[in-house]
Amino acid sequence: MVWDRQTKMEYEWKPDEQGLQQILQLLKESQSPDTTIQRTVQQKLEQLNQYPDFNNYLIFVLTKLKSEDEPTRSLSGLILKNNVKAHFQNFPNGVTDFIKSECLNNIGDSSPLIRATVGILITTIASKGELQNWPDLLPKLCSLLDSEDYNTCEGAFGALQKICEDSAEILDSDVLDRPLNIMIPKFLQFFKHSSPKIRSHAVACVNQFIISRTQALMLHIDSFIENLFALAGDEEPEVRKNVCRALVMLLEVRMDRLLPHMHNIVEYMLQRTQDQDENVALEACEFWLTLAEQPICKDVLVRHLPKLIPVLVNGMKYSDIDIILLKGDVEEDETIPDSEQDIRPRFHRSRTVAQQHDEDGIEEEDDDDDEIDDDDTISDWNLRKCSAAALDVLANVYRDELLPHILPLLKELLFHHEWVVKESGILVLGAIAEGCMQGMIPYLPELIPHLIQCLSDKKALVRSITCWTLSRYAHWVVSQPPDTYLKPLMTELLKRILDSNKRVQEAACSAFATLEEEACTELVPYLAYILDTLVFAFSKYQHKNLLILYDAIGTLADSVGHHLNKPEYIQMLMPPLIQKWNMLKDEDKDLFPLLECLSSVATALQSGFLPYCEPVYQRCVNLVQKTLAQAMLNNAHPDQYEAPDKDFMIVALDLLSGLAEGLGGNIEQLVARSNILTLMYQCMQDKMPEVRQSSFALLGDLTKACFPHVKPCIADFMPILGTNLNPEFISVCNNATWAIGEISIQMGIEMKPYIPMVLHQLVEIINRPNTPKTLLENTAITIGRLGYVCPQEVAPMLQQFIRPWCTSLRNIRDNEEKDSAFRGICTMISVNPSGVIQDFIFFCDAVASWINPKDDLRDMFCKILHGFKNQVGDENWRRFSDQFPLPLKERLAAFYGV
0 MVWDRQTKME YEWKPDEQGL QQILQLLKES QSPDTTIQRT VQQKLEQLNQ
50 YPDFNNYLIF VLTKLKSEDE PTRSLSGLIL KNNVKAHFQN FPNGVTDFIK
100 SECLNNIGDS SPLIRATVGI LITTIASKGE LQNWPDLLPK LCSLLDSEDY
150 NTCEGAFGAL QKICEDSAEI LDSDVLDRPL NIMIPKFLQF FKHSSPKIRS
200 HAVACVNQFI ISRTQALMLH IDSFIENLFA LAGDEEPEVR KNVCRALVML
250 LEVRMDRLLP HMHNIVEYML QRTQDQDENV ALEACEFWLT LAEQPICKDV
300 LVRHLPKLIP VLVNGMKYSD IDIILLKGDV EEDETIPDSE QDIRPRFHRS
350 RTVAQQHDED GIEEEDDDDD EIDDDDTISD WNLRKCSAAA LDVLANVYRD
400 ELLPHILPLL KELLFHHEWV VKESGILVLG AIAEGCMQGM IPYLPELIPH
450 LIQCLSDKKA LVRSITCWTL SRYAHWVVSQ PPDTYLKPLM TELLKRILDS
500 NKRVQEAACS AFATLEEEAC TELVPYLAYI LDTLVFAFSK YQHKNLLILY
550 DAIGTLADSV GHHLNKPEYI QMLMPPLIQK WNMLKDEDKD LFPLLECLSS
600 VATALQSGFL PYCEPVYQRC VNLVQKTLAQ AMLNNAHPDQ YEAPDKDFMI
650 VALDLLSGLA EGLGGNIEQL VARSNILTLM YQCMQDKMPE VRQSSFALLG
700 DLTKACFPHV KPCIADFMPI LGTNLNPEFI SVCNNATWAI GEISIQMGIE
750 MKPYIPMVLH QLVEIINRPN TPKTLLENTA ITIGRLGYVC PQEVAPMLQQ
800 FIRPWCTSLR NIRDNEEKDS AFRGICTMIS VNPSGVIQDF IFFCDAVASW
850 INPKDDLRDM FCKILHGFKN QVGDENWRRF SDQFPLPLKE RLAAFYGV
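Residue numbers for the sequence shown follow numbering that gives the first Met the number 0, beginning at 0 and rising by one.
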């Protein structure tokens, strides 16, 4: 057959019959379920892209070949859309013009499928920068809205809606001479159109411009809101859904305009949250979530709580369709292998080095994984989850004031004979745990035993939600005498870990990990029993739950630490872990959670891990090496080599850190026999922040474990550390800072040439507003350590950091790092006493934060305090110390005699 290779085409293009048949044949074949045929079709389509007018055939089939069936015509349009995405810049002008005119002439096709396909094609061309080069597109579509013909109006609106979704930003810019000034008033006219489909398009188009506070919409905001209210009772669910969505977004950007109508809006949203159509109810339910984040929430909603709370609670029941999707009637499924889509992608959280705090220290970053996550195989977000999340945030707004509205409902729900109702009551109890904890305490002695009983309910979905709810009260459970609740709860949770239902196993494993974090060493007496269960679960679990089991074991190791280092525990735990380790291939993503788990175990077992360390160490080094090699190939020849998954390298670096921390000096021979330092030098310069973050953590750990191997590389490493002191990447900056501190302790006076590379940035970071606490603490410790080894170089800057330095370190518990940092500050004060004078009260406060400093450090404090007192004289000292809070005054007098 002959393909026309000329590029200049007449506008009146005609297809060659033979070519047309060949393409139709291909389109038919591509609908075949056989993957081999599909692959061949893909190759042929790619070859056909060599011919300039191939795309003319595709648009011809879509718009002119009415004799063909609709799915084939639509498919032709979708293939053309993919070509536009991939090769549009190579289309000859004639082809582009032909496609554009065909699109506009057929936007009103009588078939909804073809209209929608043409609309998709138009927006794809538009988003390829063609809004500028296709000046008649928007005016033409807007004028077609006025067509008497329904199909034309609907097709044009469908295309406009897609363009508004894909190109909102450029529509609101000077590049196109601000077409929205005409389009938005035009859309508003159609809110009253007789067709529900067109009303829905009109609202959806305007909705695209709310969040960006588009000027053209803000000019008409009152008329927009008025028109929305007029549609409030629309009989079309899609219209009601778009109205709810608009009101939710307006809450965020134009609360001022909604406030006068707030009472009516809340009443309306209450109705819609109970809409017969679940999609409408879900959009409306988002309103409560968004409102709860607004400062005015508490005042606005308080009078509506008696109505709202029952509505939310009612939304937390499983619907019939949920139960079918969740196989809620299947009680035993533990022997059924998981399908691949059951397994969610996991994200590794790279290692971050943090300081330990006094027991009452408030952690600022609470990254609990205990959000409402009880039914993860239904579409991720549904009315049940949204209602539960809304109740959770409202509990955090109203705290115990919510309880009078909830407790009467809870009584009814928790003891209900229908399992679906009882299950929703248990979810309610979990959802309010964080916000209403104080007010719930009087009821917990009765509720916790009831919940522990529910763990053996005959319905699996009741058992699984009970695991989650109990985990939300773990903090309270652990605060009571262990025999009262902790022991019975632990015993029952361990039984559920071995449940015959996979969802219950998963929920129990996650809940147990939360309990481990709360209970820490309280679990030591039960370790044999716990390990027995977790190890037995290895032989029982399918793929997905194995990954959660690794997490539970890793968390156990983090929580009980060196108490795990007993021969009988090691004998139980290590064989199954090593067996899995040997089974998994280097490219298997299941290595991630296993490596994370082993990292925690190695750190906990310390010398107990020695027999296992060599193969584990070697494999980690290989994973790093393989990933770096693959990345180099990909950089050099991106078309030939795939980019590697760098998570393998990150997790391997983190496990090496765990080994270095756990084994200490015992890792020395392994490091000596490998090229890990060369690999780290590359990792520290990787583009990906998480790779750098993990390599700096490893650098710090190896510095502590076997510095003689690290020392020869310091001249190469220090400039890289200096350039990574950039608080834009908080965790990278944090780990680099910590590593510098560890290096300085080992280097001593030899650190001197490197001080200029890092000191200026560190002083900047410690004075930076809104910097996370962990970074401030590590920065303060590192500055202190640098001053300890090179006081002459650091002391001149004392005045620039002494105040934030003192406030950062007053909450850290006594430890080696705090010790070295304070020795540094004392040494610097003796070199530059005037640097501390203005902020001396802060220094006094920081000194008083020590519970028991070593004797020589206490002497240093004494010397400075008495020196200052003697210098200013008794009278001035008395005036100065009168400003101290009483506890500080008493403490300094008792410990240091001032």
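In this text, a Cβ means the ideal position worked out from N, Cα and C, and glycines have one as well.
Using only CA atoms, which one of the options lies nearest to residue i?
{"i": "leucine 64", "options": "Leu19, Asn82, Glu28, Gln46", "result": "Leu19"}
{"i": "proline 111", "options": "Lys306, Val731, Lys196, Leu493", "result": "Lys196"}
{"i": "asparagine 48", "options": "His86, Ile58, Gln30", "result": "His86"}
{"i": "leucine 655", "options": "Gln837, Leu669, Pro643", "result": "Leu669"}
{"i": "phenylalanine 97", "options": "Arg114, Ile124, Pro592, Arg72", "result": "Ile124"}
{"i": "tryptophan 737", "options": "Trp133, Arg350, Gln42", "result": "Arg350"}
{"i": "glutamine 570", "options": "Ser599, Tyr611, Leu555, Thr602", "result": "Tyr611"}
{"i": "glutamate 749", "options": "Ile106, Leu514, Cys789", "result": "Cys789"}
{"i": "serine 213", "options": "Met261, Leu179, Asp858", "result": "Checking the displayed sequence, the identity of residue 213 turns out to be threonine instead of serine. That would be Leu179, whose Cα lies nearest to the Cα of threonine 213."}
{"i": "alanine 231", "options": "Ala291, Glu16, Arg302, Asp274", "result": "Asp274"}
{"i": "histidine 219", "options": "Asp233, Leu187, Ser193", "result": "Leu187"}
{"i": "glutamate 741", "options": "His192, Asn81, Tyr787, Phe883", "result": "Tyr787"}
{"i": "glycine 663", "options": "Lys703, Ile850, Phe647", "result": "Lys703"}
{"i": "leucine 485", "options": "Leu590, Tyr472, Tyr267, Ile78", "result": "Tyr472"}
Using C-beta distances below 7 Å, list every residue in its chain close to residue i, excluding the 5 sequence neighbours before and after it, in chain order.
{"i": "valine 897", "result": "Leu864, His865, Lys868, Leu891"}
{"i": "alanine 845", "result": "Cys805, Leu808, Arg809"}
{"i": "serine 199", "result": "Glu235, Glu237, Val238, Asn241"}
{"i": "glutamate 689", "result": "Ser349, Ile649"}
{"i": "threonine 520", "result": "Val559, His562"}
Using only the alpha-carbon positions, how far apart do residue i and residue j sit?
{"i": "glycine 560", "j": "threonine 483", "result": "25 Å"}
{"i": "leucine 698", "j": "arginine 802", "result": "30 Å"}
{"i": "proline 718", "j": "arginine 784", "result": "18 Å"}
{"i": "histidine 542", "j": "alanine 714", "result": "46 Å"}
{"i": "glycine 823", "j": "valine 830", "result": "11 Å"}
{"i": "leucine 676", "j": "glutamate 776", "result": "27 Å"}
{"i": "isoleucine 577", "j": "leucine 402", "result": "50 Å"}
{"i": "alanine 659", "j": "proline 752", "result": "28 Å"}
{"i": "tryptophan 854", "j": "cysteine 805", "result": "For the record, residue 854 in the displayed sequence is aspartate; it is not tryptophan. Between aspartate 854 and cysteine 805, the C-alpha separation is close to 21 Å."}
{"i": "cysteine 284", "j": "glycine 607", "result": "53 Å"}
{"i": "aspartate 638", "j": "alanine 628", "result": "16 Å"}
{"i": "glutamate 902", "j": "threonine 778", "result": "Residue 902 lies beyond the stretch modelled for the chain, which goes from 0 to 897, so this question has no answer here."}
{"i": "valine 312", "j": "alanine 387", "result": "8 Å"}
{"i": "asparagine 89", "j": "isoleucine 649", "result": "40 Å"}
{"i": "alanine 203", "j": "phenylalanine 189", "result": "11 Å"}
{"i": "leucine 533", "j": "glutamate 586", "result": "26 Å"}
{"i": "aspartate 359", "j": "lysine 772", "result": "Confidence at aspartate 359 is low in this model, with a pLDDT of 37, below 50, so its placement is unreliable and the value that follows should be read with caution. One C-alpha to the other measures close to 15 Å."}
{"i": "valine 396", "j": "alanine 245", "result": "24 Å"}
{"i": "leucine 159", "j": "arginine 256", "result": "27 Å"}
{"i": "alanine 167", "j": "glutamine 207", "result": "7 Å"}
{"i": "arginine 878", "j": "tyrosine 895", "result": "18 Å"}
{"i": "glutamate 370", "j": "aspartate 653", "result": "Low per-residue confidence applies at glutamate 370: pLDDT is 48, beneath 50, and the placement is therefore not dependable enough to give any value."}
{"i": "aspartate 379", "j": "asparagine 544", "result": "18 Å"}
{"i": "aspartate 818", "j": "glutamate 282", "result": "55 Å"}
{"i": "leucine 57", "j": "alanine 651", "result": "49 Å"}
{"i": "glutamate 433", "j": "threonine 39", "result": "56 Å"}
{"i": "valine 871", "j": "serine 880", "result": "12 Å"}
{"i": "glutamate 363", "j": "glutamate 516", "result": "The predicted position of glutamate 363 is uncertain, since its pLDDT is 35 and thus under 50; a value taken from the coordinates is nonetheless stated next. One C-alpha to the other measures close to 17 Å."}
Excluding the 5 residues preceding and the 5 following residue i in the sequence, name in chain order all residues of the same chain whose CB lies nearer than 6 Å to its CB.
{"i": "serine 463", "result": "Arg502, Val503, Ala506"}
{"i": "glycine 76", "result": "Leu61, Thr116, Leu120"}
{"i": "lysine 458", "result": "Trp418"}
{"i": "tryptophan 876", "result": "Lys868"}
{"i": "phenylalanine 706", "result": "Gln745"}
{"i": "leucine 934", "result": "Summary: the structure shown does not reach residue 934, with the chain confined to residues 0 through 897, and so no result is reported for it."}
{"i": "leucine 460", "result": "Gly327, Glu422"}
Assuming residue i and residue j form a contact by the criterion Cβ under 8 Å, report the distance between their Cβ atoms to the nearest whole angstrom.
{"i": "alanine 430", "j": "valine 477", "result": "So it is not a contact: roughly 21 Å between Cβ atoms."}
{"i": "methionine 489", "j": "tyrosine 525", "result": "6 Å"}
{"i": "methionine 687", "j": "lysine 625", "result": "Contact flag wrong, Cβ pair sits at about 16 Å."}
{"i": "phenylalanine 800", "j": "asparagine 766", "result": "7 Å"}
Would you say the beta carbon of residue i is closer than 7 Å to some non-hydrogen atom of the ligand FMN?
{"i": "proline 448", "result": "Although the ligand FMN was asked about, the structure shown includes no ligands whatsoever."}
Leaving aside the five residues before and after residue i along the sequence, list all residues of the same chain whose C-beta is less than 8 Å from its C-beta, in chain order.
{"i": "methionine 910", "result": "Here the chain covers residues 0 to 897 and nothing more, so residue 910 does not appear."}
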